[in-house]
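Chains as they are written, first to last, in my numbering: chain U, 537 to 876; chain Z, 537 to 876.
For glycine and all other residues, C-beta sits at the position ideal for the given N, C-alpha and C.
These figures come from a predicted structure and were not determined experimentally.
There are 2 protein chains.
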Amino acid sequence: VIIPPFEIDFKKAIKIINEKGYKRILLQIPEGLKNHFTKFVEHVEKETGAIVNISADPCYGACDIANSDIEKLKIDFVIQIGHAPFPFIKNYIVPTAFVNAIVNLDVSKVIEKAIPILSGNKVGLVSTAQHIHLLNKVNNILLENNIEAFIGKGDRRIEKKGQIIGCNFSAATDISDSIDMFLFLGDGVFHPLGLKLSTKKPVVICNPYTNEVQKSELDDIKDMILRQRYGAIARSKDARIFGIIVGSKLGQQRIDLAYEIKDKLDSCQKESYILISNNFNPANLEGFRNIDCLVSTACPRIAIDDYMQYNTPIITPVELDIVLGSKKWDDYRFDEILNP
Amino acid sequence: VIIPPFEIDFKKAIKIINEKGYKRILLQIPEGLKNHFTKFVEHVEKETGAIVNISADPCYGACDIANSDIEKLKIDFVIQIGHAPFPFIKNYIVPTAFVNAIVNLDVSKVIEKAIPILSGNKVGLVSTAQHIHLLNKVNNILLENNIEAFIGKGDRRIEKKGQIIGCNFSAATDISDSIDMFLFLGDGVFHPLGLKLSTKKPVVICNPYTNEVQKSELDDIKDMILRQRYGAIARSKDARIFGIIVGSKLGQQRIDLAYEIKDKLDSCQKESYILISNNFNPANLEGFRNIDCLVSTACPRIAIDDYMQYNTPIITPVELDIVLGSKKWDDYRFDEILNP
């Protein structure tokens, strides 16, 4: 199925469905592709004869796999579109296929545009799931221009070489010491920002959609976000009651970290409570008005991206250490979920 | 723990925790009591020495039991406050205690006020979980006034005699043929409204908080809601694409009904898709903009209570039959989830 700029290839999933005779399928579609759901359903139903249902729960990443919830709903098979699986998860209650939504664009223009900046440097290559297959092409162009490139291997949370996700930059930190700068192939600023904060290396963004190359622009965004984070930390200094949030989604579940944080707060004579939720959002936290500061061990994006939506300052575990004085502002780093 | 007008008695739950040596507890608190969470946590922690975490997921009823989500979070025991359990659920993945939040009020005033209306009639007594223990007192007052009262037994979804919940009025329909009118003890209009629409009998509301007795007022609300439902049905007549929503919460999961509805729509040459979600809300449905009409097999309250929040008309399975012409408007009845 082609929904420009995306190509979604259901062949493998369809083969499994037909071989196993699965009759009832659940389709999980990432937010950006949800409004095309009829095309996906029609295609898979036509090729398999199965009934294809759709999950209406939020689907932002590999954390959002349909889990034991659907066990009793007589679903034989799940197709998740657009997210690479977590390799550390070996078994799903309902068998699940991950179908990538890849973007096939000509990267030569944007990479050639970046050559003057990259020249003379050792370059680390990273990208996100939908562009990761283009990194070999990028590598070849750099080689032709005598630029040495490296592609790192991530931890057990990362499926593909060079792949970074919003909560894990291990494929970048893996090669960080060997390189001078990173080339991020893709769009958006969240991933390159996390990359920069995790590795402290310069990042060149090559956007294959607009053919734009950005480098210093990222510093402005980084400064803005860091000012915001500094503000959140400052607002949390006088907090009396802390809420430690734990995401119950497979792939989050940092309950041990939550207990460590609770112990830390206990020893600083700070009151704290652990709040567990599948899907954190401001509405679900409305009943906890007497909490002065939220520490999120759930998706690291909640604190960074959704900061403005919460009335209470929401900080990451690293940021709490700065609040409590056990880490300095100069030690600031991006929250990651590593090696589960 | 007393939070006027509620009394929450944790004794039984505490006994279990101490006997079994449970160390990590999850507390589920209904929306209206959530902002008192610190009192509950302190009490249970003091009496048990366990760590008490709090669920931040929505908790509107017995459907919202912490399920397999928390299996990997090392929680030994769940305490759910304020909802009666579904008797048909025999086993929970994590052992669960249901702790009622009861309201102890003097009902004599409001019942005596209702005597003139009830006199000479056979009366069915119904209430909600927090007042159900007061029905015996009500029964005695009626007996003293020579009024014959009946308390019905619900189906496998209902724990206590005379108890009604938002999606099940079986404890009322059980005795409907033997009585002239119902006495509903409690507040709010949703339950008496469902009661009236399910049983077609007059309902006298006795509100023990305000000591008000209401009868004809309910007809006005009923008429308003029915006009709204009539409007939703009218708006759905020309719908081309239907979304059938299935709640994945334990206690909802009407997937078989969803497939029946899909078959019906197929035979009327209407396109339809089954949407599965744990927690339906307008935000989760934003990606399904080309759907013209939603048929909800999830919580019956979604269509009735939250109707105004959705851009798309949202109707119940009974209402769909009216849309498709297989039932008449005069056959209108309230959607219930019965005998799971």
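Rounded to whole angstroms, the Cβ separation of U:P849 and U:C829 is 5 Å, and the two are in contact under 8 Å.
Below 8 Å, too few C-beta pairs join the segment 617-637 of chain U and the segment 816-831 of chain Z to call them touching: fewer than three. Close to U:F816, with beta-carbon spacing below 9 Å, are these residues of chain Z in chain order: A592. Around the beta carbon of U:N875, a 10 Å sphere encloses fewer than 16 other beta carbons of the protein chains shown; the residue is thus reported as exposed.
Taking 8 Å as the threshold, the shortest C-beta distance from U:F824 to chain Z falls below it.
Using a Cβ-Cβ cut-off of 7 Å, U:I791 is close to L609 and K610 of chain Z, given in chain order. Between Z:E581 and Z:I587, the alpha-carbon positions lie close to 6 Å from each other. Under the Cβ criterion (8 Å, minimum of three pairs), the segment 804-816 of chain U does not count as touching the segment 723-735 of chain U. Under DSSP, no beta-bridge partner is assigned to U:Q666.
Against chain Z, the CB of U:D605 has a partner CB under 8 Å away; the residue lies at that interface.
Under a criterion of Cβ atoms nearer than 8 Å, the residues of chain Z adjacent to U:F573 are, in order, Y809, G823 and F824. When the five nearest sequence neighbours on each side are left out, the beta carbons in the same chain lying within less than 6 Å of the beta carbon of Z:N743 are those of D723, in order along the chain. In the pairwise beta carbon analysis, the segment 844-863 of chain U is classified as not touching the segment 567-586 of chain Z: fewer than three pairs are separated by under 8 Å. Contact residues of the segment 829-849 of chain Z toward chain U are absent (C-beta to C-beta distance below 9 Å). Per DSSP, Z:S591 is one residue of the beta strand (DSSP E) stretching across I587 to S591.
Chain U places no beta carbon closer than 8 Å to that of Z:N627, leaving this residue out of the contacts.
In the structure shown, the three-state DSSP call for U:N676 is helix.
Cβ neighbours of U:N657 within its own chain (closer than 6 Å, five residues either side excluded): D716 and M717. Rounded to whole angstroms, the gap between the alpha carbons of Z:C703 and Z:C599 is 11 Å. Among the residues facing chain Z, U:L856 is not included, as its CB has no counterpart in that chain under 8 Å away. Contact check for U:L670 against U:V643 passes: the beta carbons are separated by less than 8 Å. A contact is defined here as three or more CB-CB pairs under 8 Å, and the segment 545-554 of chain Z fails this definition with respect to the segment 854-862 of chain U. At a cut-off of 8 Å between beta-carbon atoms, U:K570 makes contact with chain Z. Beta bridge pairing from DSSP links Z:A637 with Z:I544. Residue environment for Z:R790: buried (at least 16 other C-beta atoms within 10 angstroms of its C-beta). DSSP places Z:T584 within a helical segment (H, G or I) once states are collapsed to three. With fewer than 16 other Cβ atoms inside 10 Å of its own Cβ, U:K608 counts as exposed. With a 10 Å radius around the Cβ and a threshold of 16 neighbouring Cβ atoms, Z:A770 comes out exposed.
With a beta-carbon spacing of about 4 Å, Z:A620 and Z:E695 fall inside the 8 Å limit used to define contacts. Taking 8 Å as the cut-off, the beta carbon of U:I553 is found closer than this to the beta carbon of U:I561.
Taken in chain order, the complete beta strand (DSSP E) segments of 3 residues or longer contained in the segment 711-794 of chain Z are 717-721, 739-743, 748-750 and 777-783. U:P594 counts as buried, since at least 16 other C-beta atoms from the protein chains shown sit within 10 angstroms of its C-beta.
Taken atom to atom, the span from the alpha-carbon of U:N681 to that of U:S752 is near 23 Å. With respect to the 8 Å criterion, Z:K673 and Z:N747 are not classified as neighbours on the basis of their beta carbons. Between U:V639 and U:Q616, the C-beta spacing is not below 8 Å. When the Cα atoms are used, U:R765 and Z:Y843 turn out to be separated by approximately 39 Å.
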